[in-house]
Amino acid sequence: MSEKNGRYARLFDRLKKNKEGAFIPFVMLGDPTREASFDILRTLADSGADALELGIPFSDPIADGPVIQTAAGRALGAGATPAMCFDVIKKIRERHPVLPIGLLVYANLVVGSSPEAFYRLASESGVDSVLIADAPLETDPIFARFAERENIDTVYVVPPNADDDKLVKIARVCRCYTYFLGRSGVTGADREMRAPDSRAMELLRGAGAPPIVVGFGISRPEHVRSALMAGADGAISGSATVAIIEKNLDDPGKTRVELANFVRSMKDATIF
Numbered sequence: 067m068s069e070k071n072g073r074y075a076r077l078f079d080r081l082k083k084n085k086e087g088a089f090i091p092f093v094m095l096g097d098p099t100r101e102a103s104f105d106i107l108r109t110l111a112d113s114g115a116d117a118l119e120l121g122i123p124f125s126d127p128i129a130d131g132p133v134i135q136t137a138a139g140r141a142l143g144a145g146a147t148p149a150m151c152f153d154v155i156k157k158i159r160e161r162h163p164v165l166p167i168g169l170l171v172y173a174n175l176v177v178g179s180s181p182e183a184f185y186r187l188a189s190e191s192g193v194d195s196v197l198i199a200d201a202p203l204e205t206d207p208i209f210a211r212f213a214e215r216e217n218i219d220t221v222y223v224v225p226p227n228a229d230d231d232k233l234v235k236i237a238r239v240c241r242c243y244t245y246f247l248g249r250s251g252v253t254g255a256d257r258e259m260r261a262p263d264s265r266a267m268e269l270l271r272g273a274g275a276p277p278i279v280v281g282f283g284i285s286r287p288e289h290v291r292s293a294l295m296a297g298a299d300g301a302i303s304g305s306a307t308v309a310i311i312e313k314n315l316d317d318p319g320k321t322r323v324e325l326a327n328f329v330r331s332m333k334d335a336t337i338f
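When you number the sequence shown by our numbering, it's gap-free, plus one each residue, and the end is 338.
Here is the structure:
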């Protein structure tokens, strides 16, 4: 096991021993500017985030709700590019060498230059995992091969309506963690997470799935606790995190304070 793809394993082992779940915030790289983006990532990590899930801005993010779409627009308007995003990741990796870092992106970004170049740059910047939101399991083996060459784990999404056969297939190919959707539709903190399906989680684990992390609709500490009580190993919060940035665009200091308080409150909900 390399240093790279061992970060998630060591994280979840430590959390399990400490009887904790993982809290993973999502933000859009380059939002609202390159410099502010690094400051935001540093605040999230320093405030207790167990890992980071990051987006690279894209003009047509079909799985994203309005808050994250707007964040992508701000980043693009400020001149964000994939190369710039990888530079920001490299800086946060230098500061936090053991922190797992994942990307949630779209296929066009991966093939824009070439999958080989994308995964090479991701690896060089310190990325541990990549989830391609619009590349379902049936169409993704090509991407997964490039990821494997660079010791990057491929993450797959478990949709709420997945049948048992689909759950088993996903369990067999996931490596670092399994992304379990808390509800259908696009991202957004304005819609409630539904109670996670404990039976589906049990089936995933029985089929060998790595730790299960619930995303979509996670915006409050009680959502985190509900996900963990249903059997999840962690929770990802995107829109609620990004909304703090949007609300305080003219006050970076307030952004840092509110993000730090948010991360601490969500992390506290993972401790039993």
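Note that the Cβ used here is the ideal one computed from N, Cα and C, for glycine as well.
Query: Among the candidates Phe-246, Thr-336 and Ala-111, whose CA atom is the shortest distance from the CA of Ala-275?; Result: Phe-246
Query: Here's the rule: buried if 16 or more other CB atoms are within 10 angstroms of the residue's CB, otherwise exposed. What is Lys-82?; Result: exposed
Query: Kindly indicate which three-state DSSP category Asp-219 falls into: helix, strand or coil?; Result: strand
Query: Quick check on Tyr-172: does DSSP put it in helix, strand or coil?; Result: coil
Query: Spell out the partners DSSP gives Thr-244 in its beta bridges.; Result: Ile-278
Query: Does DSSP put Leu-197 in a helix, in a strand, or in coil?; Result: strand
Query: Applying the 10 Å Cβ sphere with the 16-neighbour rule, what's the burial state of Ala-149?; Result: exposed
Query: Taking three-plus beta-carbon pairs below 8 Å as touching, is the region 301-310 in contact with the region 122-135?; Result: yes
Query: Going straight from the alpha carbon of Pro-202 to that of Val-223, what length do you get?; Result: 8 Å
Query: Look at Phe-209 and Ile-198 and say whether their C-beta atoms are less than 8 Å apart.; Result: yes
Query: In whole angstroms, give me the CA-to-CA distance for Val-193 and Val-323.; Result: 26 Å
Query: Give me, in chain order, the residues of the same chain whose beta-carbon lies closer than 8 Å to that of Asp-112; leave out the 5 immediate sequence neighbours on both sides.; Result: Ala-326
Query: Can you tell me which of the three DSSP states Phe-328 falls into?; Result: helix
Query: Does Lys-85 pass the burial test, meaning 16 or more other C-beta atoms within 10 Å, or should it be called exposed?; Result: exposed
Query: Do you know whose CA, among Phe-152, Ala-102, Leu-175 and Leu-110, lies nearest Leu-165's CA?; Result: Leu-110
Query: May I ask you to report which of helix, strand or coil DSSP gives Ile-122?; Result: coil
Query: Can you check which of these residues, Leu-315, Ile-310, Ala-309 and Gly-300, is closest to Lys-333 by C-alpha distance?; Result: Gly-300
Query: Measuring CB atoms only, is the region 91-111 touching the region 139-155, in the sense that at least three cross pairs come out at less than 8 Å?; Result: yes
Query: Identify whether Val-224 lies in helix, strand or coil by the three-state DSSP scheme.; Result: strand
Query: Could you tell me the boundaries of the beta strand (DSSP E) in which Gly-145 lies?; Result: It is not in any beta strand (DSSP E) - Gly-145 carries neither H nor E in the DSSP assignment.
Query: Out of Ile-155, Asp-263, Val-279 and Ala-228, which has the shortest C-alpha to C-alpha gap to Val-221?; Result: Val-279
Query: Only counting the same chain, and skipping five residues up and downstream in sequence, which positions put a Cβ closer than 7 Å to that of Ile-310?; Result: Thr-321, Glu-324, Leu-325 and Phe-328
Query: So, for Ser-264: in the same chain, excluding its five sequence neighbours on each side, which residues have a beta-carbon less than 8 Å away from its beta-carbon?; Result: Ala-296 and Gly-297
Query: Return the Cβ separation of Val-154 and Leu-95 in integer angstroms, given the expectation that the two are a contact with Cβ distance under 8 Å.; Result: 6 Å
Query: Considering Val-88, what are the terminal residues of the beta strand (DSSP E) in which it resides?; Result: This sequence places Ala at residue 88; Val is not what is there. Run containing Ala-88: 88-94, per the beta strand (DSSP E) assignment.
Query: Quick check on DSSP: helix, strand or coil for Ala-301?; Result: strand
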